[in-house]
Structures are given as structure tokens and as C-alpha cells.
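Position 25 (the sequence shown) corresponds to 172 in this note's numbering; numbering is contiguous.
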Amino acid sequence: MGRELAQAGRYLTQSLRLMVGVPDYGSYLAHHQATHPDRAPMSYEEFFRERQAARYSARVGKCC
Numbered sequence: 148m149g150r151e152l153a154q155a156g157r158y159l160t161q162s163l164r165l166m167v168g169v170p171d172y173g174s175y176l177a178h179h180q181a182t183h184p185d186r187a188p189m190s191y192e193e194f195f196r197e198r199q200a201a202r203y204s205a206r207v208g209k210c211c
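Below is the structure:
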């Protein structure tokens, strides 16, 4: 039961982060290792800046 509760907590944390726009660095690292093992991953700071730029740059030039 403790294992299921811990997993539920991780899912809840991930969901809440996605809802408020905090990117998931752990998922990025897992994806990067699986698909681009020959390249170095971004640091957390680089990843965070890139995700913020991707999120907010789409709104440039729009009124709402």
C-alpha cells in the first residue's frame, strides 16, 4: 500500500506542476537519454529558461 501511495503522490506532483507550467526536468532527462544518448542534456537552468521561452514566446504579438 505504501508503494501505491508514493506512486500516487508522484503522479499528483507531476500533474500539479504541469497545471501551473513548471516543466518536468526528470522526464526531459529520461527522454533525452533514450533518444539522444550521444548529446549532453541541458542543465536544469538551461532547460527551465528554454521551456519558459517556448511557453511565453508563442503569445508575442497577440492581444490576449
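Ideal Cβ positions, reconstructed from N, Cα and C, are used throughout, including at glycine.
Assuming residue i and residue j make a contact with CB atoms under 8 Å, what is their CB distance in whole Å?
| i | j | result |
| --- | --- | --- |
| F195 | Y175 | Contact doesn't hold; Cβ gap of about 10 Å is too wide. |
| Y172 | Y191 | 5 Å |
Could you check the C-alpha separation between residue i and residue j for me, to the nearest Å?
| i | j | result |
| --- | --- | --- |
| G156 | P188 | 27 Å |
| C211 | H183 | Interpretation of C211 is limited by its pLDDT of 49, a score under 50 that renders its predicted location unreliable; the figure taken from the coordinates is listed afterwards. Whole-angstrom Cα-Cα distance: 36 Å. |
| A201 | Q154 | 29 Å |
| M148 | L159 | 16 Å |
| L152 | R186 | 35 Å |
| Q161 | A181 | 20 Å |
Thinking C-alpha only, which one of the options is nearest residue i?
| i | options | result |
| --- | --- | --- |
| R198 | D185, Q180, Y158, V167 | V167 |
At 4 residues or longer, what runs of the alpha helix (DSSP H) sit wholly inside the region 149-179? As far as the region 149-179 is concerned, its whole alpha helix (DSSP H) runs of at least 4 residues are 149-167.
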